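In the UniProt record's numbering, the protein residues as written are 1 to 204.
Okay, structure coming up:
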């Protein structure tokens, strides 16, 4: 039995029709692992940063009609929520597992906080080839950093700083069939390796 990772069939929860039925599928196939990952990585971030981190598993509580297309656990230094703060995420769409760090459009002092990506522009460019950016957390699109021009990247960061709806995340994503999801050990190693790359942006 695995505790943390996801099987390809778990991703099929997002194909279940109807809000109630999909929520039931998420509760059965995905949320248990998100809660376990929440415990594991809130301890991980606390030990890495010296700040107390709290896990926030998506509840989708405001939904009354449309079934969620994605779900996640987020990590931030507030017990009350994560959207107002720079935060880390582990989440899923039907065709990907994603890992991210960044700033949502709801973030408090967003313009100031987003400037970390401006200051560490070179460090973003030097991330390994399979690292990406996410400019809208509601959508699965995450272009590879290596495929963006300097101007594309600068423009994306400036949008997060200057535009109310702008946001910016550095990210990594793998498919449901990826070998790094085959065991808890491989999955945790993949996540820790990814977060180790993200942490300098948090502490900058």
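Note that CB positions come from ideal geometry on N, CA and C, so glycine has one too.
These numbers were taken from a predicted model, which means no experiment stands behind them.
C-alpha distance - residue i paired with residue j, whole-angstrom precision
i, j, result
"residue 136", "residue 167", "6 Å"
"residue 179", "residue 185", "11 Å"
"residue 122", "residue 107", "24 Å"
"residue 182", "residue 176", "10 Å"
"residue 52", "residue 196", "17 Å"
"residue 93", "residue 187", "17 Å"
"residue 56", "residue 38", "7 Å"
"residue 105", "residue 157", "12 Å"
"residue 59", "residue 75", "14 Å"
"residue 1", "residue 13", "19 Å"
"residue 47", "residue 35", "19 Å"
"residue 40", "residue 54", "10 Å"
"residue 126", "residue 160", "20 Å"
"residue 169", "residue 109", "16 Å"
"residue 189", "residue 43", "15 Å"
"residue 11", "residue 88", "21 Å"
"residue 118", "residue 62", "34 Å"
"residue 3", "residue 151", "42 Å"
Residue nearest to residue i in terms of C-alpha spacing, selected from the options
i, options, result
"residue 155", "133, 174, 100, 171", "133"
"residue 173", "107, 122, 97", "97"
"residue 6", "194, 49, 95", "95"
"residue 194", "45, 10, 35, 3", "45"
"residue 101", "109, 124, 8", "124"
"residue 50", "112, 36, 163, 77", "77"
"residue 114", "163, 126, 127, 150", "163"
"residue 21", "64, 8, 4, 42", "64"
"residue 111", "8, 165, 3", "165"
Assigned secondary structure, residue i (DSSP; H/G/I helix, E/B strand, else coil)
i, result
"residue 35", "helix"
"residue 54", "strand"
"residue 44", "helix"
"residue 74", "strand"
"residue 169", "strand"
"residue 124", "helix"
"residue 177", "coil"
"residue 191", "helix"
"residue 62", "coil"
"residue 132", "strand"
"residue 99", "strand"
"residue 90", "strand"
"residue 6", "coil"
Rounded distance between the beta-carbons of residue j and residue i, thought under 8 Å
i, j, result
"residue 90", "residue 191", "7 Å"
"residue 120", "residue 201", "6 Å"
"residue 19", "residue 66", "7 Å"
"residue 99", "residue 171", "7 Å"
Distance cut-off 7 Å: residue i Cβ against heavy atoms of the ligand SAH
i, result
"residue 160", "This structure simply doesn't include the ligand SAH, nor any ligand for that matter."
- Query: Is it a yes or a no for the segment 59 to 76 touching the segment 21 to 30, going by three-plus beta-carbon pairs under 8 Å?
  - Reply: yes
- Query: Is the number of C-beta pairs between the segment 126 to 141 and the segment 74 to 85 that are closer than 8 Å three or more?
  - Reply: no
- Query: Does the segment 142 to 154 come within contact of the segment 124 to 131, defined as at least 3 CB pairs closer than 8 Å?
  - Reply: yes
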